[in-house]
Amino acid sequence: APLRVVADAGRVKALACERMTLGEPDESGRPRPVPTGTRDTLAADTVICAIGQEPDLALLNGLDLARRRDGTLVVDPVTCETSVADLFAGGDVARGAASVIKAIADGRSVAAEIARRHGIVLPDEPAIDKSATAAMLMDKKARRTRPETVPALPPAERAGFAEVVGVFGAEAAAREASRCLDCDDVCSLCVTVCPNRANLAYTVTPFSVTWPSFVARGGKLQEAVGAPHAVRQQVQIVNIGDFCNECGNCTSFCPTAGAPYRAKPRFWIDEAGWREARGDAFRFVRRDGAVAIEARLAGRSHSLERRDGEAVYRSDKLIARLTPATWALVSCEPAGPLADGETIDLSPCATLIALIDAEPALPGH
Numbered sequence: 015a016p017l018r019v020v021a022d023a024g025r026v027k028a029l030a031c032e033r034m035t036l037g038e039p040d041e042s043g044r045p046r047p048v049p050t051g052t053r054d055t056l057a058a059d060t061v062i063c064a065i066g067q068e069p070d071l072a073l074l075n076g077l078d079l080a081r082r083r084d085g086t087l088v089v090d091p092v093t094c095e096t097s098v099a100d101l102f103a104g105g106d107v108a109r110g111a112a113s114v115i116k117a118i119a120d121g122r123s124v125a126a127e128i129a130r131r132h133g134i135v136l137p138d139e140p141a142i143d144k145s146a147t148a149a150m151l152m153d154k155k156a157r158r159t160r161p162e163t164v165p166a167l168p169p170a171e172r173a174g175f176a177e178v179v180g181v182f183g184a185e186a187a188a189r190e191a192s193r194c195l196d197c198d199d200v201c202s203l204c205v206t207v208c209p210n211r212a213n214l215a216y217t218v219t220p221f222s223v224t225w226p227s228f229v230a231r232g233g234k235l236q237e238a239v240g241a242p243h244a245v246r247q248q249v250q251i252v253n254i255g256d257f258c259n260e261c262g263n264c265t266s267f268c269p270t271a272g273a274p275y276r277a278k279p280r281f282w283i284d285e286a287g288w289r290e291a292r293g294d295a296f297r298f299v300r301r302d303g304a305v306a307i308e309a310r311l312a313g314r315s316h317s318l319e320r321r322d323g324e325a326v327y328r329s330d331k332l333i334a335r336l337t338p339a340t341w342a343l344v345s346c347e348p349a350g351p352l353a354d355g356e357t358i359d360l361s362p363c364a365t366l367i368a369l370i371d372a373e374p375a376l377p378g379h
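Going by my numbering, the sequence shown opens with residue 15, and the numbers climb by one from there.
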C-alpha cells in the first residue's frame with residue numbers, strides 16, 4: 015500500500031510502501047488486506063495516480079455546459095466542440111466509459127478542427143502498403159491461427175514485485191503481429207454474420223479533395239477556408255434498410271465495439287421505405303442513363319447525380335458542379351436565398367461521393 019512519495023529537491027525519487035497481507039474475510043466474504051508493519055521503498059522517477067474511473071470536472075464549475083442525463087458533456091459529433099464555443103471535450107467525459115482508441119480518435123478530431131480554424135492543414139498519416147488484395151485478406155480471415163502463449167511467472171515465484179506477465183521475443187512478436195486481420199483495409203465481419211444479408215460490402219475508388227467552404231454575402235457565395243475530405247479504405251459497408259430487422263447480431267461480433275446496423279449508411283430499395291425511414295437515409299435513382307444518390311441527412315435533402323464527364327450536387331443551400339474523374343469543384347452557386355453571413359460547406363457532398371460506388375452492390379441494380 016502506498017504511504018508517501020519520496021522527493022528530493024522537488025523531484026520524485028521513490029514511493030514508500032507498506033507490505034500487506036490478507037486478513038479475515040469481511041461481510042462480502044472477501045479477505046481484506048491488512049498492514050504487516052514491514053515497509054519497502056520502490057525507486058521511481060514518475061508516479062501516476064490511477065485510483066478512479068470518474069472524470070473530475072470541477073474545473074468546469076460555473077460554465078453553462080449542455081450535459082446528458084448521465085452527466086457526460088454534449089459535443090458536436092464531428093469536431094467534439096461543447097455547447098461553449100471553443101471548448102472541446104472527448105473520451106469518457108463525452109462518451110461515457112469507452113475505449114482508449116475512441117478517446118485518441120476524439121483527440122485527433124479536436125486537433126484537426128482547431129488547426130482548420132487557424133488555416134492549418136494537418137499532414138496525413140503515412141500509408142502502409144501491405145501489398146495485399148481484398149481477396150487475399152478475406153482468405154486470411156477464413157483461416158484460424160492460434161495466438162502465441164504469453165510468458166508468465168509460475169505462481170510460486172509471484173511473491174515480490176517482479177513482472178508476472180512477460181513479453182514476447184522478437185520471433186514470437188512477429189508471429190503474433192502476423193495474426194492481424196487488417197481490418198483497416200477489409201473487415202466485413204458484419205456482412206458475414208448478418209442473418210438477413212442486410213449488410214453489404216462494396217469497393218470505392220479512394221479519393222482525397224480539399225474544397226473551400228462558402229459564406230453568403232449579398233446573395234452570392236464567397237470562398238472561405240475549407241477542410242480536406244478523403245476516403246482511403248477501398249472496401250466499405252452499407253446497410254439495406256429493407257432487409258435489416260435490427261437484431262443486433264453485427265453489434266455482438268463487431269471487433270471495434272461498434273453497431274454496424276446503426277452506424278453504417280442505410281440504403282433503401284423501396285421508395286416508400288426511404289420516405290418513412292427515421293434518421294439518415296439513402297437511395298439510388300437512375301435518370302436518363304445517369305446514376306443519382308438521394309439522401310436525407312439530419313433532416314435535410316441532398317443529392318448527387320453522376321453522368322459521363324459531369325457530376326452535380328444539390329442541397330437546399332447550394333448547387334455544385336464537379337468533375338467525376340478527380341471530384342474537382344468546377345462551380346458553386348446558391349440554390350435559393352441565403353442569410354447574409356451564413357456558412358456552408360460541402361461535407362455532405364463528400365459523403366455522397368463515398369457512397370455512389372455502392373450502387374452495383376445493391377439488390378436490383
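Glycine included, every Cβ here is placed at the ideal spot set by N, Cα and C.
- Per DSSP, residue 364 is one residue of the alpha helix (DSSP H) stretching across 361-370.
- Straight across, the Cα-Cα distance linking residue 117 with residue 303 is about 45 Å.
- Sixteen is the threshold: since fewer than 16 other Cβ atoms of the shown chains lie within 10 Å of the Cβ of residue 158, the residue is exposed.
- Residue 267 carries a helical assignment under DSSP once its states are collapsed to helix, strand and coil.
- Secondary structure at residue 207: helix, using DSSP grouped into helix, strand and coil.
- According to the DSSP assignment, residue 120 belongs to the alpha helix (DSSP H) that extends over 114-131.
- Cα atoms of residue 96 and residue 272: separation of roughly 23 Å, rounded to the nearest angstrom.
- Scanning the segment 15-102 from its first residue to its last, the whole beta strand (DSSP E) runs of 3-plus residues come out as 16-22, 25-39 and 45-57.
- The alpha carbon of residue 201 has as its nearest neighbour, out of 249, 150 and 316, the alpha carbon of 249.
- Taking a contact as a CB-CB distance under 8 Å, the pair residue 216 and residue 371 counts as one, their CB atoms being some 6 Å apart.
- Here residue 199 really is in contact with residue 144; their C-beta atoms are around 7 Å apart, less than 8 Å.
- For residue 124 against residue 104, the beta-carbon gap comes to about 6 Å, under 8 Å, which counts as contact.
- For the pair of segments examined, the segment 343-354 was found to touch the segment 227-235: the number of CB pairs separated by less than 8 Å reaches three.
- Shown here for residue 282: same chain residues with a beta carbon closer than 8 Å to its own, the five before and five after excluded, namely 254, 255, 256, 288, 291, 295, 296 and 297 in chain order.
- Contiguous alpha helix (DSSP H) elements confined to the segment 277-320 occur at 285-290, taking only those with 4 or more residues.
- The criterion of a C-beta distance shorter than 8 Å is satisfied by residue 245 and residue 368.
- 189 is the residue among 67, 247, 317 and 189 whose C-alpha sits nearest the C-alpha of residue 161.
- In the DSSP assignment, residue 144 falls outside any beta strand (DSSP E), carrying neither H nor E.
- Between the alpha carbons of residue 267 and residue 204 lies a distance of about 7 Å.
- Residue 324 carries a strand assignment under DSSP once its states are collapsed to helix, strand and coil.
- Distance from the CA of residue 171 to the CA of residue 47, rounded to the nearest whole angstrom, comes to 20 Å.
- For residue 151, the three-state secondary structure derived from DSSP is helix.
- When DSSP states are grouped into helix, strand and coil, residue 189 belongs to the helix group.
- Residue 307 and residue 318 have their C-alpha atoms some 5 Å from each other.
- In the displayed model, residue 171 falls within a helix according to three-state DSSP.
- A distance below 8 Å between beta-carbons, with the five flanking residues on each side excluded, links residue 81 to the following residues of its chain, in chain order: 87 and 88.
- DSSP lists no beta-bridge partner residue for residue 275.
- In the three-state DSSP reduction, residue 179 falls in the strand class (E or B).
- At least 8 Å separates the beta-carbon of residue 334 from that of residue 311.
- It is roughly 15 Å from the alpha-carbon of residue 40 to the alpha-carbon of residue 49.
- According to DSSP, residue pairing for residue 257 in a beta bridge does not occur.
- In this structure, the beta-carbon distance from residue 243 to residue 218 does not fall below 8 Å.
- In the same chain as residue 336, and ignoring 5 residues on each side of it, the C-beta atoms closer than 7 Å to its own belong to 325, 327, 342, 343 and 344, in chain order.
- Beta-bridge annotation (DSSP): residue 217 is paired with 249.
- Annotation: residue 107 is outside any beta strand (DSSP E); the continuous alpha helix (DSSP H) that includes it extends over 106-109.
- Between residue 127 and residue 93, the C-beta gap is smaller than 8 Å, which places the two residues in contact.
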